[in-house]
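Start counting the sequence shown at 1; every next residue gets the next number (UniProt numbering). No residue lacks a Cβ here, since even glycine has one placed at the ideal position from N, Cα and C. Computed from a predicted model, the values in this text were never measured in an experiment.
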Amino acid sequence: MSKPYRLASLLLITTALVAPATAMAQTDPAPAEPAAEAAADAAPADAAEPAPQDDTDISIPGAEIVVTGRRSANIERTAPQVVSVLGAADIARTGEGNIAGALGRVTGLSVVGNGFVYVRGLGDRYSLALLNGSPLPSPEPLKRVVPLDIFPSSIIASSLVQKSYSANFPGEFGGGVINLTTKAVPREPFLTIGGSIGGNSETTGQLGYTYYGTGSDWTGFGDGGRNLPPAYAAWRASGLRINDPSVNQQAIAGQFVNASNAVLQQNNNMPVNWGVNVTGGKSWTIGDAELGLIATAGYTTKWRTRDIAQQTANALDLSSLNTNVRRVVTDNRVVANALLGLSLEFGDNKIRWTNLYIRDTIKQARLGAEDRPDTADANPGVSFQYQDTAWYARQLIDTQFVGEFKPMDGLDVDIRAGYANSQREAPFELSFMYSRSNSPTDPYGQFFTNTLNTGQRPGSATIAFSDLNEDLYSAGIDVTYDLAARVKLILGYAFSDTNRVTERRDFLFQGNNNIPLGISLLRPDLLLSQAVICFPGVDATVAPDCPANPVATGIALVDSTGSNPTFKATLRNHAGYVQLQADLTDQLNLNIGARYESADQGVSAVQVYTVNPTLPPATNLKRDYLLPAATLTYEISPQLQFRLSGSKTIARPQFRELVFQTYYDPDSNRTFQGNPQLVDSQLYNAETRLEWYFAPEQRVSLGGFWKKIKNPIETYASFDGNSVTTRFANAPEATLYGVEFEAQKYFDLSGMNGAFWASRRAVLIGNYTWSQSKLKVGPTDPVQAYPFTGATLASQFYRDGAPLTGQSDHLVNLEFGLEDTDKLSQQTFLISYASDRVTRRGPSGQPDIFERPGIQVDFVARQGIPLFGKELELKFEARNIFGTKYKEMQESGDNRIYYNLYKTGTTFSLGGSLKF
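1) I need the straight-line Cα distance from S59 to F876, nearest angstrom please.
2) Report buried or exposed for V328, applying the criterion of at least 16 other Cβ atoms within 10 angstroms of its Cβ.
3) Do N685 and G646 come within 8 angstroms of each other at the CB atom, strictly closer than that value?
4) Do you know whose CA, among R670, L764, Q744, lies nearest D720's CA?
5) Give, in chain order, every unbroken run of the beta strand (DSSP E) that is at least 3 residues long and sits entirely within the segment 621-687.
6) Count Cβ pairs between the segment 314-326 and the segment 357-373 that sit closer than 8 angstroms; are there 3 or more?
7) For a test of the three-state rule: what should DSSP assign to N322, helix, strand or coil?
8) Please find out if some non-hydrogen atom of the ligand MN comes closer than 7 angstroms to the beta-carbon of E76.
9) In the DSSP assignment, what are the bridge partners of G205?
10) Quick check on the DSSP output: the beta strand (DSSP E) that includes W274 runs from which residue to which?
11) Applying the criterion that 16 or more other CB atoms from any shown protein chain within 10 Å of the CB defines a buried residue, is residue 920 buried or exposed?
12) When the Cα atoms are used, what is the spatial distance from Y798 to N675?
13) For A575 versus P137, is the C-beta spacing smaller than 8 angstroms?
14) May I have the straight-line CA-CA distance separating F495 from N168, to the nearest angstrom?
15) Check whether the Cβ of I362 lies closer than 8 angstroms to any Cβ atom in chain D.
16) Are the beta-carbon atoms of R394 and D360 separated by less than 8 angstroms?
17) Find the nearest neighbour of Y126 within the set G912, I650, G817, F908, judged by alpha-carbon distance.
18) Note down, in chain order, each residue of its chain lying with its Cβ closer than 7 angstroms to the Cβ of N132, except the 5 sequence neighbours on either side.
19) Spell out a yes or no on whether the segment 410-425 and the segment 236-244 are touching, meaning 3 or more CB-CB pairs, one atom from each, closer than 8 angstroms.
20) Can you check which of these residues, T300, A289, W303, is closest to S343 by C-alpha distance?
21) With DSSP as the reference, label L508 as helix, strand or coil.
22) For N564, which of L901, F507, L264, R572 has the nearest alpha-carbon?
23) Using CA coordinates, which residue listed in A461, S835, T480 is at the minimum distance from K406?
24) If R643 sits next to Q601, beta carbons under 8 angstroms apart, how far is it from one beta carbon to the other, in whole angstroms?
25) Between which residues of its own chain and L640 is the CB-CB distance below 8 angstroms, once the five residues before and five after are set aside?
26) Would you check if there are 3 or more beta carbon pairs closer than 8 angstroms linking the segment 304-317 to the segment 243-257?
27) The alpha helix (DSSP H) that contains L517, what's its start and end?
28) Is DSSP giving P407 helix, strand or coil here?
29) Considering only residues of the segment 455-513, which uninterrupted beta strand (DSSP E) runs meet the minimum length of 3 residues and lie entirely inside it, listed in chain order?
30) With respect to the beta strand (DSSP E) encompassing T196, which residues constitute its N-terminal and C-terminal limits?
31) Rounded to a whole number of angstroms, what is the C-alpha to C-alpha distance between L521 and R226?
32) Residue 917: which of Q654, I555, I294 sits nearest, CA to CA?
33) Which residues in the same chain as D217 place their Cβ atom closer than 7 angstroms to its Cβ, once the five residues preceding and following it in sequence are excluded?
34) What does a CB cutoff of less than 7 angstroms around G911 pick up in its chain, not counting 5 residues either side in sequence?
35) Short check: CB of Y419 to CB of Y493, under 8 angstroms?
36) By Cβ distance below 6 angstroms, which residues in the same chain neighbour L621 in space, the five residues on each side in sequence not counted?
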């Protein structure tokens, strides 16, 4: 693919920039040994003196709220479930800036799209994310699962991944649960100040595009320049449709587009990425209690330019192109975060209050060009130019109270309560299409024009406003009682109430044949200026805004939102569980329980128009489930143990999948639309695992898993004109099975010659997951694929034997390097590989669309340097060293169609932090 500068000449009127712009899944019945840090494995029974205390905070339901452990008591070994834990040391070794990237190193986990974590190849809808044991709202439109890339690694103390279900966790456990624990109060006061700078080979110093927006965009917060225009706000509050005769469409349209939001600017030297953060904490002794405080704040700004090839085919064998677009996309992503935590410890009781704020914004500019193939269904031989600007702001505010109380020996009571609010705003999403007929008989055939109409010179302009607000209230209580010395009974109740309102309004600027061709040559902000829309001019004293329905240009607004712009979504869930954990013998441990959930999930359109309301069908899923779970652990020897588990879990449709509303994902360049007729998926799970802890901090494990899924929710693609929309429907049934292998080994290098090796060891950590999945689709199996009411057979959308979307047959992660056991010095290579995985079913009988992640090689080095009596930590990162491309495609024989193809480049960064 050619460099982005090939598109530089296509700017309508370009302004060049002159300045850079569980621990344990439950409490272990044998309390003699506390749980340990994730990165440190259990020593065998005859091991020597345990290593010094190394704390790993893990806050989950149905267990001790805070678990701290010694290196000699490994969490993965002592937990009664199959778990993986990333402690602070493990996260630091990966060097990842957000927790999603670090989780991508865990066995069986892969990160797909914009921070969504897949467990064992199951989509994000089958993964559950918790923060300190409490549920989280998502700032993504029409989606209930939170993208984990919004969580900076600096605020996370640990991440627990549990793959075998236990009743203390919510029933939506399809593939597994990911519990993030925020940093707690330190035992000693500290202050750490850090910063980083970096760049990308495809972006930094290269050509990219942006637009002005507002003067404070660099902060991630607008200065009011994106507030709703007065005329639009007044119409929105009126309840009238845009085509009502009393609505002055021209007055509204004339306030939408201006030079700040619609003129692309070319930057031949894109800025560097940089960030700063500060973290501090202290504790005070007050009588017999200890009060602690921790606070952290961070800011990062990153640029990414993608030169993307996007194609579609109009033949079943992909032999002919329908569209063939080259698009350069530049994102400026700004993340600001803050955390404030307070804790109080008195006697055996602990209270924690955690407050978290995250704001994540993307300022996006897109410029595309296309010479429509002669085989195209529409406008063959015509050249097109596409220009888009957008601003996506996501925000999460979360406050949580967690308490662990021990009123008497043998009785523990844990309570938690939380409130979280998430928002997403995307005002002024502007898209423009200009065309050039290339006809020798057309006097304007060599110029790009935008007539805002179809015909020989097709052109278009659209604008969209979208907004999301979600509130989530949650509470829970867990009571643990020692029935006997090695038997615990755990009872719990959990409540959550989620309320979301999402709105999206799309408008098309529509012209008529009265628009002079000279005007159609204008750049977007001039073409849609109030002077043009309101032509011919009228005395401002008579009509200061704009005369209604002028006839000269005839530019009007068409509401292309669909049946309704606003939807309300709710999910209220009451759950109770009972769990028994017992050592049946010295070698045999049983964890058995059941969870009962009663949930009411609804999605309905909100009536916003006063005249002729036509609302799409509502969804009301009210179901009760009894979800059993059991895990048996047998200790074959002090170093070797075997696990066997079985359970039933569920997966409810996400809001995105239920709401019949169009949503554009700026990360994947895909358009989505929900299906209000979806139903819950039910999963039946079985797992077995053999674990060998052959030496201190070292292990090998081999496991197998099997899942049967009833009514899995799968995506499929359909053509809407020349564009492709991704939709959702329940497939009849699917199975998933596979094998996991994991190993961790350290090699002592102190015997090598030289002082350099005296305290060094080599680190080798690797995992491999092989999995297979198959859809089961019979010739008469029904399907509900709204809005295609005429299609009633699942075989019209899904192919029998096809894999689940998002599932890779092979996942490999490998870490190897050197580290110093006496001081901070680590050099680590990280290699990851994921085989092809389907992203959606192909449209109109075409082959499935899949992505090819390939191999990524990273290098991370951390080094401590004494400085003025303090330690300066330096970190160097090189990501995607060999420049693996992103590929999303279709294949049929030798024919290949790229839905998204671009170079991701190699990313470098250098950072440092000084601890006082």
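Reading it off the structure:
1) Taking the first residue of the sequence shown as position 1, residue 59 is located at position 59. Taking the first residue of the sequence shown as position 1, residue 876 is located at position 876. Per the coordinates, the alpha-carbon of S59 lies some 31 angstroms from the alpha-carbon of F876.
2) As a position in the sequence shown, residue 328 is number 328, starting the count at 1. V328 should be labelled buried.
3) Counting from one through the sequence shown, the residue named residue 646 turns up at place 646. Counting from one through the sequence shown, the residue named residue 685 turns up at place 685. For the pair G646 and N685, the CB atoms are nearer than the 8 angstroms cut-off.
4) Here residue 720 is taken as the residue at index 720 of the sequence shown, counted from 1. For the options R670, L764, Q744, the alpha carbon positioned closest to that of D720 is the one of R670.
5) As far as the segment 621-687 is concerned, its whole beta strand (DSSP E) runs of at least 3 residues are 640-651, 662-665, 670-673.
6) Yes: the two stretches touch, three or more of their Cβ pairs being nearer than 8 angstroms.
7) Here residue 322 corresponds to residue number 322 of the sequence shown, with the count starting at 1. Residue state for N322 is assigned as strand, using DSSP reduced to three classes.
8) This structure lacks the ligand MN; in fact it carries no ligand of any kind.
9) The residue you call residue 205 lines up with position 205 of the sequence shown. In the DSSP secondary-structure assignment, G205 is not bridged to any residue.
10) Residue 274 sits at position 274 when you count from the first residue of the sequence shown. Residues 273-286.
11) In the structure displayed, the chain extends from 1 to 916; residue 920 sits before or after that span and is not available.
12) Here residue 798 refers to the residue found at position 798 when the sequence shown is read from its first residue. Here residue 675 refers to the residue found at position 675 when the sequence shown is read from its first residue. Between Y798 and N675, the C-alpha separation is close to 16 angstroms.
13) Working through the sequence shown from its first residue, we reach residue 575 at position 575. Working through the sequence shown from its first residue, we reach residue 137 at position 137. With a cutoff of 8 angstroms on beta-carbon distance, A575 and P137 are scored as not near each other.
14) Counting from 1 along the sequence shown, the entry for residue 495 is found at position 495. Counting from 1 along the sequence shown, the entry for residue 168 is found at position 168. Those two C-alpha atoms are separated by around 13 angstroms.
15) In the displayed structure, chain D is absent; only one protein chain is listed.
16) Numbered from its first residue, the sequence shown carries residue 394 at position 394. Numbered from its first residue, the sequence shown carries residue 360 at position 360. Yes, these two residues count as a Cβ contact at 8 angstroms.
17) Here residue 126 corresponds to residue number 126 of the sequence shown, with the count starting at 1. Cα-wise, what sits closest to Y126 is I650.
18) Numbered from its first residue, the sequence shown carries residue 132 at position 132. For N132, where only same-chain residues beyond five positions count, the Cβ hits under 7 angstroms are S59, T181, T182, T354, Q400, V402.
19) In short, these stretches do not touch, since the Cβ pair count stays below three.
20) On the sequence shown, residue 343 is found 343 positions in, with the first residue counted as 1. The residue with the shortest Cα to Cα distance from S343 is A289.
21) Residue numbering aside, residue 508 sits at position 508 when the sequence shown is read from its first letter. In the structure shown, L508 sits in a strand (DSSP, three-state: E or B).
22) Against the sequence shown, residue 564 aligns to sequence position 564. Selection L901, F507, L264, R572 evaluated against N564 yields F507 as nearest (Cα-Cα).
23) Taking the first residue of the sequence shown as position 1, residue 406 is located at position 406. The shortest Cα separation from K406 among A461, S835, T480 belongs to T480.
24) Your numbering for residue 643 matches position 643 in the sequence shown. Your numbering for residue 601 matches position 601 in the sequence shown. Distance from R643 to Q601 at the Cβ level is roughly 33 angstroms; contact not present, criterion being Cβ atoms closer than 8 angstroms.
25) To locate residue 640, count along the sequence shown from 1; it is residue 640. So the list reads L690, E691, W692, Y693, once near-sequence residues are dropped.
26) Taking 8 angstroms as the limit for Cβ pairs, the verdict is that the segment 243-257 does not touch the segment 304-317.
27) Here residue 517 refers to the residue found at position 517 of the sequence shown. 517-520 is the extent of the alpha helix (DSSP H) around L517.
28) Here residue 407 corresponds to residue number 407 of the sequence shown, with the count starting at 1. Three-state DSSP puts P407 in a strand.
29) Within the segment 455-513, the beta strand (DSSP E) runs of at least 3 residues that lie entirely inside it are, in chain order, 460-484, 487-510.
30) Working through the sequence shown from its first residue, we reach residue 196 at position 196. Note that residue 196 is Ser in the sequence shown here, rather than Thr. In the DSSP annotation of this structure, the continuous segment of the beta strand (DSSP E) that includes S196 starts and ends at 190-200.
31) Residue numbering aside, residue 521 sits at position 521 when the sequence shown is read from its first letter. Residue numbering aside, residue 226 sits at position 226 when the sequence shown is read from its first letter. One C-alpha to the other measures close to 27 angstroms.
32) Because the chain is modelled from 1 through 916, residue 917 falls outside the range shown and cannot be assessed.
33) Taking the first residue of the sequence shown as position 1, residue 217 is located at position 217. If the five residues before and after D217 are omitted, its C-beta is found closer than 7 angstroms to the C-beta atoms of K363, all from its own chain and listed in chain order.
34) For the purposes of this step, residue 911 is taken as the residue at position 911 of the sequence shown. Within the same chain, G911 has close Cβ partners G194, G195, S196, K875.
35) Position 419 of the sequence shown, counted from the start, is the residue given in the question as residue 419. Position 493 of the sequence shown, counted from the start, is the residue given in the question as residue 493. No, Cβ-Cβ distance for Y419 and Y493 is not below 8 angstroms.
36) For the purposes of this step, residue 621 is taken as residue 621 along the sequence shown, with counting starting at 1. Q601.
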